[in-house]
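4 protein chains.
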Amino acid sequence: MNFEVAPDIDPAKLTYTFGGVEAQAQVKPGTLISTSTLDCFAGRLTKDGAGTPSEQLDFRYLNPQTGPFYVEGAEPGDTLAVHFVSIQPRFDWGVSMMLPFFGALTGTGTTATLNAPLPEQAWFYDFDVENNTVWYQANDSDLTLPLPLDPMHGTVGVAPAGGEARSALAPGDWGGNMDSPEMRAQTTAYFRVNVPGALFSLGDGHARQGEGEVCGVAVETAMNTVFILELIKGGGPAWPLIESDDYLMTTGSVKPLEDAFRIANVEMVNWVSELLEISLMDAYQLVSQTSLSPAANVVDTVYTMVCKVPKKLLGEAALKAFGGTHESLRKRAQEWAASQ
Amino acid sequence: MNFEVAPDIDPAKLTYTFGGVEAQAQVKPGTLISTSTLDCFAGRLTKDGAGTPSEQLDFRYLNPQTGPFYVEGAEPGDTLAVHFVSIQPRFDWGVSMMLPFFGALTGTGTTATLNAPLPEQAWFYDFDVENNTVWYQANDSDLTLPLPLDPMHGTVGVAPAGGEARSALAPGDWGGNMDSPEMRAQTTAYFRVNVPGALFSLGDGHARQGEGEVCGVAVETAMNTVFILELIKGGGPAWPLIESDDYLMTTGSVKPLEDAFRIANVEMVNWVSELLEISLMDAYQLVSQTSLSPAANVVDTVYTMVCKVPKKLLGEAALKAFGGTHESLRKRAQEWAASQ
Amino acid sequence: MNFEVAPDIDPAKLTYTFGGVEAQAQVKPGTLISTSTLDCFAGRLTKDGAGTPSEQLDFRYLNPQTGPFYVEGAEPGDTLAVHFVSIQPRFDWGVSMMLPFFGALTGTGTTATLNAPLPEQAWFYDFDVENNTVWYQANDSDLTLPLPLDPMHGTVGVAPAGGEARSALAPGDWGGNMDSPEMRAQTTAYFRVNVPGALFSLGDGHARQGEGEVCGVAVETAMNTVFILELIKGGGPAWPLIESDDYLMTTGSVKPLEDAFRIANVEMVNWVSELLEISLMDAYQLVSQTSLSPAANVVDTVYTMVCKVPKKLLGEAALKAFGGTHESLRKRAQEWAASQ
Amino acid sequence: MNFEVAPDIDPAKLTYTFGGVEAQAQVKPGTLISTSTLDCFAGRLTKDGAGTPSEQLDFRYLNPQTGPFYVEGAEPGDTLAVHFVSIQPRFDWGVSMMLPFFGALTGTGTTATLNAPLPEQAWFYDFDVENNTVWYQANDSDLTLPLPLDPMHGTVGVAPAGGEARSALAPGDWGGNMDSPEMRAQTTAYFRVNVPGALFSLGDGHARQGEGEVCGVAVETAMNTVFILELIKGGGPAWPLIESDDYLMTTGSVKPLEDAFRIANVEMVNWVSELLEISLMDAYQLVSQTSLSPAANVVDTVYTMVCKVPKKLLGEAALKAFGGTHESLRKRAQEWAASQ
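Chains as they are written, first to last, in the numbering used here: chain A, 1 to 340; chain B, 1001 to 1340; chain C, 2001 to 2340; chain D, 3001 to 3340.
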């Protein structure tokens, strides 16, 4: 197995789009990469910062990406498998906030209304990593509550097709800002390669988030992340897929939310049909009775739905997705961990 | 505690709307009711039936309701608490099917397209209740798979407000055909009373279903169901709420799906704000980091989303919803079970 | 031709639902009816009224309906043709207002947000019927502007199918609160009959409105209206159709708005295919290049889109819709007018 | 006035994105440009072509753009005014077609279904420019119908903000593939400049189209187009605006369609409030009673709605939009035409 540690983040090299930017590093398929990411605010929002939260921010520079990584040999139509070995907060705190005209429960730039915005506010969370805890602290009263630490990346993807360059705030068939809590350690995500080298990047770490990310901002934090980039020739999925030890997962990112649901479910029906070698209608029926359907985000430029089917309900066939890539990468991750 | 066994179902007395029909029985608040329901097809679709599935059906008579029950003393603005003691299939089989122009992955009467319909087909499931199993059997190949039995009611609700009578195929703020797998035994659902007596009814039992009920039809089956109808004066919620031992749940039923999500989340933010006595913005933040957001149905006349927050994350305050009604009804159900 | 003048409105007899109410009058097919309607606020909102606008209103009693009329011989599946001979304001003023959490550019009960409502306000319009003018008067400055008088009914329809009773605030396949400015004098609307007698009613007169009725309230006013109820055996359309001298029009009422657009367009493709005796795909192509697609309302319980095709583009065939009913009713209306 | 004729189209220089491509020409503000565009299929689909329509196409190269044009002095935040002097078909025929899984009345890649696609088919239209006529010819029967020629550009816009490059198939706040029939000769479109030089391009000529472009393909044709690019310092609108002699128009491009409607209406309310110097709520009221709300497209990657208010209803103030730019450009266009 290859092993590579990416150089320290050079703030001048952060990127803000998927596509349209040059590779920051070139790796061989199978490389394990240990790197870090800035939080979605590029570190600008701090407890001691001067001014309101949005005065501290620069809205042109949100969701800074680490990468893109050029994967040698990756060609359009191939599959890039990304296995997250570990995702850990770099600091002992994170932050969420209410941005004006952003979030699911307010008028926004696209669900345009004439109402005044909700009041701007930040919430700071202390982390107790040893006890796996993120501390919620109410702003307007004394309430504190311990929440489970559950680190993940909101933004993970490759360069889009058709010569497009897309903001790191947008999710789509290239991945991007899907903001799904499923994108956690010990899962494998699969992306279709659209351009030579795939140009993978990641960012927007969350110490935890609810499904749908309803206020639009999770517990945002910088991350130290270890992942493996593996290349599978051909078989690139139409939309990003995720596999954990327990679930096969598909995603769809579009508006309205029912269309995101439709995409994720069509992808799952196709996947189950192929893996179990059953007819499309038999797969449609099976998915109908077995799927979980959580929202990922209902706040970004488009919305993301996830369709999850428990692998144990599908029998042995569910283990052979992408030729058993997930199981293989899990083993390699464990070997690496043991070697540290 | 009152205890009442409703008389056997009289097929001539089945109802097909919420509102617009006369009470079939009158009960005192606190009554435990043991009754049964027909499946959504009113028992017309059988393995040995002649003709195609839709030829066997009468589309005017879907989702037959047991009820309505008139609850003495219930007045508009009150809260009807419905605790499901047990929900058990009456027979050893259930059925799902593909109805033409129905389901999330096809053009329908409202997502109107010019495409030909998907082929009509039925799937029959054998139940092994002892082993808690529902057997999936592919139609086009030999595959069989054991799925967990997880019985629930798709259709549960009260008469709507404003003099409306709504088809038992429709979900809304009166409940109705929400098709949420959360409506299982050992949960308590809360509805706002809109008319004197509340006029509660239920039907559409599912041996199990996926979240979103993507093909539009679950594992449909007749049920023997025991439930308690309790009345809480005042405090009627704007939209149906559900409480289990582990979760507070809100629902929203409307199109598009993001609006159903919005409703469920606004309701949860309000509920958490009240229970924890924190500001609305603090509750918005807390819900954003803790909620689960599964689809219930994305196939009915309107769609239903659920917002779930784990009670253990909210601390002691989460136990006092509706004055501890859920815990109290759980105890009464257990006492009753012990007495059988 | 039959001719009947309905008795004066009896305020005790106003109805607030389509379906679920008894007929107020019985008429023979072909009857010309001269009646009147209250405004959507049942006359409660006046320039000199005490309290804020919403304090003057009773939200349980909006969109009072004149009717329903029982049409002799009308049976489920038939077509009820309603020809509007004239629609004229009863008074010399009308009113619009901003209702809290209502309208397209604010959070509402279904596009639920946590924002504060927009400020409540009423606008009163003076009518100059002789000059065909409705005077807009700004509230916060001196601006006045003459707008064309263009009277219509927001709420027109029959009893729905399936035993439903629907609020007069809701549009759907029975018609109801479609709020389309196309429902003006000299047009013919076609509805599928769902119950014996059809049970037609109308209300919610507007002196004029924009397409989409964006703030949710038009220039509301009581009307004196003359219309003919004609019965066509069979051929009941799936969704309400409208015909004027110049246009064939279809409607679709559902959310999201693209689904309303889809319904209206599928109905138009089918209609054009039948009238011109061309294939469905040829009709789809022809409609694609010739249709106008205005919004009717984007504010009610569901939204309504209209699809309009100029009759002159379709040739002679466009005149034979429903056997030339529109042309025939136009003539009868003119004869009646000449006789007055 | 400057006057410039762009060189003949060099097929090697066509562009397929807004943003992400280099300027093909540099012009001074005020320049009149006479150029030409290819049809959306880049001329690949012909009556005599071999193979099915989609075999003739290369889906990577749809909506080829003429441009981009770099406008000297244009800086982010400025307004680019584009006045269409004339738009005329280059050839005497055009073509429409049914693309598999594209259009509003079929399942698509985003409204994902399991239905089979509609049959693929092309329709060829003969033009009789002298008589202003486009001839519809049914494929499955002998029907022919003359339709009015009404030439326009489906794709008109500037480079987007945030470093994005967007496919010429996508509409958005930079303009792009809005597919609005309002983008015809003698109108002025206003765009916010997002990058130095604005980088304006255009393409996708339609000999005519229905509102909503329901099958997804208009009467596609190459165009000879004359337009003026004018620069207004500052004042860049959030979304593209259009002005004709008779109407002020705003656009919104997003899904679901009601959100596109919301955007267009919020922009119109703001515009009317500024021009008439009335309060936002007074403008909301005025727009509510005066606006027309046609769909532009309900088929592209996102949908576009237009909000139109007749200038004559707004009084003199409506003529001073952007300092009277439209009237001034109309005069310059007439002077140029007189000089030819």
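C-beta atoms are modelled at their ideal positions from N, C-alpha and C, and glycine is treated no differently.
Can you find a CB in chain A that lies within less than 9 Å of the CB of asparagine 1139 of chain B?
The sequence position of residue 1139 of chain B within the second sequence is 139, counting from 1. At least one CB atom of chain A sits nearer than 9 Å to the CB of asparagine 1139 of chain B.
Proline 1196 of chain B versus glutamine 88 of chain A: straight-line alpha-carbon distance, rounded:
Sequence index remark: in the second sequence, residue 1196 of chain B carries index 196 (1-based). Sequence index remark: in the first sequence, residue 88 of chain A carries index 88 (1-based). Approximately 56 Å between the Cα atoms of the pair.
Identified DSSP bridge partners for histidine 3326 of chain D:
As a first step, residue 3326 of chain D is located in the fourth sequence; it is residue number 326 there, counting from the start. Looking at the DSSP assignment, histidine 3326 of chain D forms no beta bridge with any residue, so it has no partner.
Uninterrupted beta strand (DSSP E) stretches inside the segment 3013-3045 of chain D (no shorter than 3 residues)
DSSP runs (the beta strand (DSSP E)) wholly in the segment 3013-3045 of chain D: 3025-3027, 3031-3037.
Bridge partners for tryptophan 135 of chain A per DSSP, in chain order?
Translated into positions along the first sequence, residue 135 of chain A becomes position 135. Bridge partners of tryptophan 135 of chain A according to DSSP: A:Asp126, A:Pro146.
Buried versus exposed, by CB contacts within 10 Å (16 or more), threonine 52 of chain A:
The sequence position of residue 52 of chain A within the first sequence is 52, counting from 1. Exposure of threonine 52 of chain A is indicated by the presence of fewer than 16 other C-beta atoms within 10 angstroms of its C-beta.
What residues from chain C crowd round isoleucine 1263 of chain B, counting only those whose CB sits closer than 7 Å?
Looking up residue 1263 of chain B in the second sequence gives position 263. Residues of chain C whose Cβ lies closer than 7 Å to the Cβ of isoleucine 1263 of chain B are, in chain order, Thr2110, Ala2112.
Expressed to the nearest angstrom, what Euclidean distance is found between the alpha-carbon atoms of phenylalanine 2227 of chain C and isoleucine 2242 of chain C?
Looking up residue 2227 of chain C in the third sequence gives position 227. Looking up residue 2242 of chain C in the third sequence gives position 242. Answer to the nearest angstrom: the Cα atoms are 14 Å apart.
In whole angstroms, give me the CA-to-CA distance for alanine 1042 of chain B and tyrosine 1016 of chain B.
The count along the second sequence starts at 1 and reaches residue 1042 of chain B at position 42. The count along the second sequence starts at 1 and reaches residue 1016 of chain B at position 16. Roughly 11 Å separates the two Cα atoms.
Among C:Lys2311, C:Gly2067, C:Lys2047, the one whose alpha carbon lies nearest that of phenylalanine 2124 of chain C
Residue numbering aside, residue 2124 of chain C sits at position 124 when the third sequence is read from its first letter. Minimum Cα-Cα distance from phenylalanine 2124 of chain C among the listed residues C:Lys2311, C:Gly2067, C:Lys2047 corresponds to C:Lys2047.
Which chain D residues sit within Cβ distance under 9 Å of threonine 17 of chain A?
Taking the first residue of the first sequence as 1, we reach residue 17 of chain A at position 17. Contacts between threonine 17 of chain A and chain D, judged by CB atoms closer than 9 Å, involve Gly3162, Gly3163, Glu3164, Ala3165 in chain order.
Do you know offhand how far leucine 280 of chain A's Cα is from valine 269 of chain A's?
For the purposes of this step, residue 280 of chain A is taken as the residue at position 280 of the first sequence. For the purposes of this step, residue 269 of chain A is taken as the residue at position 269 of the first sequence. The alpha-carbon atoms of leucine 280 of chain A and valine 269 of chain A are separated by roughly 7 Å.
Any idea what DSSP makes of lysine 2311 of chain C, helix, strand or coil?
Residue 2311 of chain C sits at position 311 when you count from the first residue of the third sequence. DSSP places lysine 2311 of chain C in helix when its eight states are reduced to three.
Can asparagine 2297 of chain C and threonine 2304 of chain C be called in contact, C-beta distance under 9 Å?
For the purposes of this step, residue 2297 of chain C is identified with residue 297 of the third sequence, where counting begins at 1. For the purposes of this step, residue 2304 of chain C is identified with residue 304 of the third sequence, where counting begins at 1. In this structure, threonine 2304 of chain C lies closer than 9 Å to asparagine 2297 of chain C by Cβ.
Just curious, the beta strand (DSSP E) that threonine 1113 of chain B is in, first and last residue?
By 1-based counting over the second sequence, the position of residue 1113 of chain B is 113. First-last for threonine 1113 of chain B: undefined, no H or E at that position.
Please list the partners that leucine 3099 of chain D has in chain B, where partner means a Cβ-to-Cβ separation under 9 Å.
Stepping through the fourth sequence from its first residue, residue 3099 of chain D is reached at position 99. Neighbourhood of leucine 3099 of chain D in chain B, by CB distance below 9 Å: empty, with the nearest CB roughly 14 Å away.
Work out the CA separation of methionine 3223 of chain D and phenylalanine 200 of chain A for me, nearest whole Å.
Residue 200 of chain A sits at position 200 when you count from the first residue of the first sequence. Residue 3223 of chain D sits at position 223 when you count from the first residue of the fourth sequence. Cα-Cα distance, rounded: 40 Å.
Any beta-carbon of chain C closer than 9 Å to the one on valine 1269 of chain B?
Against the second sequence, residue 1269 of chain B aligns to sequence position 269. Chain C contact via Cβ: present.
Proximity winner among C:Ser2273, C:Gly2212, C:Glu2274, C:Val2219, relative to leucine 2257 of chain C (alpha-carbon distances):
Position 257 of the third sequence, counted from the start, is the residue given in the question as residue 2257 of chain C. Measuring from the Cα of leucine 2257 of chain C, the nearest candidate turns out to be C:Gly2212.
Counting along the chain, where does the alpha helix (DSSP H) carrying serine 54 of chain A start and finish?
Position 54 of the first sequence, counting from 1, holds the residue named residue 54 of chain A. Unbroken alpha helix (DSSP H) run through serine 54 of chain A: 53-56.
Just the Cα atoms here: how many angstroms apart are aspartate 3246 of chain D and glutamine 2334 of chain C?
Working through the fourth sequence from its first residue, we reach residue 3246 of chain D at position 246. Working through the third sequence from its first residue, we reach residue 2334 of chain C at position 334. Cα to Cα, the separation comes out at about 34 Å.
Extent of the continuous beta strand (DSSP E) run through tyrosine 3190 of chain D
The residue given as residue 3190 of chain D occupies position 190 in the fourth sequence. Where tyrosine 3190 of chain D is concerned, the enclosing beta strand (DSSP E) stretches over 3188-3192.
By the 10 Å Cβ neighbour count, where 16 or more other Cβ atoms means buried, how is asparagine 3131 of chain D classified, buried or exposed?
The residue given as residue 3131 of chain D occupies position 131 in the fourth sequence. With fewer than 16 other Cβ atoms within 10 Å, it is exposed.
Within the same chain, show all residues whose beta-carbon is closer than 7 Å to that of glutamine 1026 of chain B, passing over the 5 residues directly before and after it, in chain order.
Numbered from its first residue, the second sequence carries residue 1026 of chain B at position 26. Sequence-distant partners of glutamine 1026 of chain B (beyond 5 residues in either direction) whose C-beta falls short of 7 Å from its own C-beta, in its chain, are Tyr1070, Glu1072.
Amino acids of chain A, ordered along the chain, whose beta-carbon sits closer than 7 Å to that of tryptophan 1123 of chain B
As a first step, residue 1123 of chain B must be located in the second sequence, where it is residue number 123. Under a criterion of Cβ atoms nearer than 7 Å, the residues of chain A adjacent to tryptophan 1123 of chain B are, in order, Gln285.
Boundaries of the beta strand (DSSP E) in which methionine 2341 of chain C is found, first to last residue
For chain C, the structure presents residues 2001 to 2340; residue 2341 of chain C sits outside this window and is missing.
What's the C-alpha gap between leucine 143 of chain A and glutamate 220 of chain A?
As a working mapping, residue 143 of chain A is identified with position 143 in the first sequence. As a working mapping, residue 220 of chain A is identified with position 220 in the first sequence. In a straight line, the C-alpha of leucine 143 of chain A is about 20 Å away from that of glutamate 220 of chain A.
Separation of histidine 3206 of chain D from aspartate 3300 of chain D, as counted between CA atoms:
Here residue 3300 of chain D refers to the residue found at position 300 when the fourth sequence is read from its first residue. Here residue 3206 of chain D refers to the residue found at position 206 when the fourth sequence is read from its first residue. Taking the straight line from one Cα to the other gives about 15 Å.
With hydrogens ignored, establish whether the beta-carbon of glutamate 3316 of chain D is closer than 8 Å to any heavy atom of the ligand FMN.
What this structure holds is no ligand at all, so the ligand FMN is not there to describe.
So valine 1217 of chain B packs on serine 1096 of chain B, CB below 8 Å; how close in whole Å?
Along the second sequence, read from residue 1 onward, the residue named residue 1217 of chain B stands at position 217. Along the second sequence, read from residue 1 onward, the residue named residue 1096 of chain B stands at position 96. The pair is a contact, with the Cβ atoms about 5 Å apart (cut-off 8 Å).
Cβ shell of threonine 1133 of chain B (< 8 Å), same chain only, five flanking positions each side left out:
In the second sequence, the residue the question calls residue 1133 of chain B occupies position 133. Cβ within range, chain order: Phe1127, Pro1146, Leu1147, Pro1148, Leu1149.
Considering only residues of the same chain and omitting the five flanking positions on each side of glutamine 2209 of chain C, which have a CB-CB separation below 6 Å?
Against the third sequence, residue 2209 of chain C aligns to sequence position 209. These residues qualify, in order along the chain: Pro2181, Ala2218.
At least one CB of chain B closer than 9 Å to the CB of asparagine 3115 of chain D: is that the case?
Mapped onto the fourth sequence, residue 3115 of chain D falls at position 115. Interface residue (Cβ-Cβ distance to chain B less than 9 Å): asparagine 3115 of chain D is classified as such.
Taking only three categories from DSSP, how would you classify asparagine 2177 of chain C?
Against the third sequence, residue 2177 of chain C aligns to sequence position 177. Note: asparagine 2177 of chain C maps to coil in three-state DSSP.
For glutamine 2340 of chain C, name the three-state secondary structure that DSSP assigns.
Residue numbering aside, residue 2340 of chain C sits at position 340 when the third sequence is read from its first letter. The answer is coil: DSSP assigns glutamine 2340 of chain C none of H, G, I, E or B.
I'd like the list of long-range same chain contacts for methionine 2183 of chain C, defined as Cβ closer than 8 Å, with 5 residues on each side in sequence excluded.
The count along the third sequence starts at 1 and reaches residue 2183 of chain C at position 183. Excluding five sequence positions before and after methionine 2183 of chain C, the CB atoms of its chain that fall closer than 8 Å to its own CB belong to Phe2084, Met2152, His2153, Gly2154, Val2156, Ala2189, Ile2242, given in chain order.
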